[in-house]
Amino acid sequence: EAGVAQSPRYKIIEKRQSVAFWCNPISGHATLYWYQQILGQGPKLLIQFQNNGVVDDSQLPKDRFSAERLKGVDSTLKIQPAKLEDSAVYLCASSLDQGSPLHFGNGTRLTVT
Amino acid sequence: AQSVTQLGSHVSVSEGALVLLRCNYSSSVPPYLFWYVQYPNQGLQLLLKYTTGATLVKGINGFEAEFKKSETSFHLTKPSAHMSDAAEYFCAVMGGKLIFGTGTRLQVFP
Numbered sequence: 007e008a009g010v011a012q013s014p015r016y017k018i019i020e021k022r023q024s025v026a027f028w029c030n031p032i033s034g035h036a037t038l039y040w041y042q043q044i045l046g047q048g049p050k051l052l053i054q055f056q057n058n059g060v061v062d063d064s065q066l067p068k069d070r071f072s073a074e075r076l077k078g079v080d081s082t083l084k085i086q087p088a089k090l091e092d093s094a095v096y097l098c099a100s101s102l103d104q105g106s107p108l109h110f111g112n113g114t115r116l117t118v119t
Numbered sequence: 233a234q235s236v237t238q239l240g241s242h243v244s245v246s247e248g249a250l251v252l253l254r255c256n257y258s259s260s261v262p263p264y265l266f267w268y269v270q271y272p273n274q275g276l277q278l279l280l281k282y283t284t285g286a287t288l289v290k291g292i293n294g295f296e297a298e299f300k301k302s303e304t305s306f307h308l309t310k311p312s313a314h315m316s317d318a319a320e321y322f323c324a325v326m327g328g329k330l331i332f333g334t335g336t337r338l339q340v341f342p
């Protein structure tokens, strides 16, 4: 089966600019996750979708981060405006349902200068 | 609330030696526990998982982990390290969401 697809793989922006990441989950997976992985740390959940509804966004900095999952398939994560501390790898993952193992994409490495 | 603690941010072994990566968890309910591996510039790949039943869990690439409730541990082992095992390893616990430890970087020397 095709894995979780993410784009772009790398992005470099200046602080205060905006950026968007895209994720296409595995076909049939109802649950989609966005994780932030700062260098030297474990991934931290930003937002979890079940189909096109938000299950958990408690750690999403909502003043600058937004995410949507239109039609319950693809998802986009946006940062506006970006800060230096947003430099990280943004991982998208999907699972058949909540509680099933997660399948991860290769991530988008964001550098904010 | 659930959490995991990985002891040792770096572990170095010789090729052919035993690999032991330590993970302790905290959970108010029976935990679902996972080990993931991350190779450079890649996403995370599931190595193995414990949900219920047998406490010794076997995973891919010769890895296994044992759930010990009395010690609140879920250590990852492999009898004989291979150069290709060099990577970052993450322990994780599933409550309402998957919570990761800070990771252990495994180096394998020839």
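So the protein sequences, as listed, match chains A and B. Mapped onto the working numbering, the consecutive letters of the first sequence carry residue numbers 7 to 119. Mapped onto the working numbering, the consecutive letters of the second sequence carry residue numbers 233 to 342. For glycine and all other residues, C-beta sits at the position ideal for the given N, C-alpha and C. In this text the structure is predicted, and so the values were computed from the model without any measurement.
Proximity of chain B to A:G48 at the Cβ level (cut-off 7 Å) is accounted for by F322, F332, G333, T334 and G335, in chain order.
Classified as exposed, A:V60 has fewer than 16 neighbouring CB atoms from the shown chains inside 10 Å of its CB. Measuring C-alpha to C-alpha distances from A:S81 to each of A:P14, A:C29 and A:G9 identifies A:C29 as the nearest. For B:G291, the nearest beta carbon of chain A is not closer than 8 Å to its own beta carbon.
At a Cβ-Cβ threshold of 8 Å, A:N57 and A:A73 do not count as neighbours. For A:K50, the enclosing beta strand (DSSP E) has its first and last residue at K50 to Q56.
The beta-carbon of B:G328 is placed less than 8 Å from the nearest beta-carbon of chain A. Under the rule that a run must span 4 or more residues, no alpha helix (DSSP H) segment is found entirely inside the stretch 261 to 341 of chain B. Beta-bridge pairing by DSSP links A:S106 to no other residue. In this structure the stretch 237 to 256 of chain B does not touch the stretch 12 to 32 of chain A; the number of beta carbon pairs closer than 8 Å is below three. Between A:S24 and A:I85, the C-beta spacing is below 8 Å. For the pair B:G285 and A:V118, the Cα-to-Cα distance works out to about 46 Å. Taking the Cα of B:K301 as reference, the smallest distance to any Cα among B:L279, B:L288 and B:V269 is reached at B:L288.
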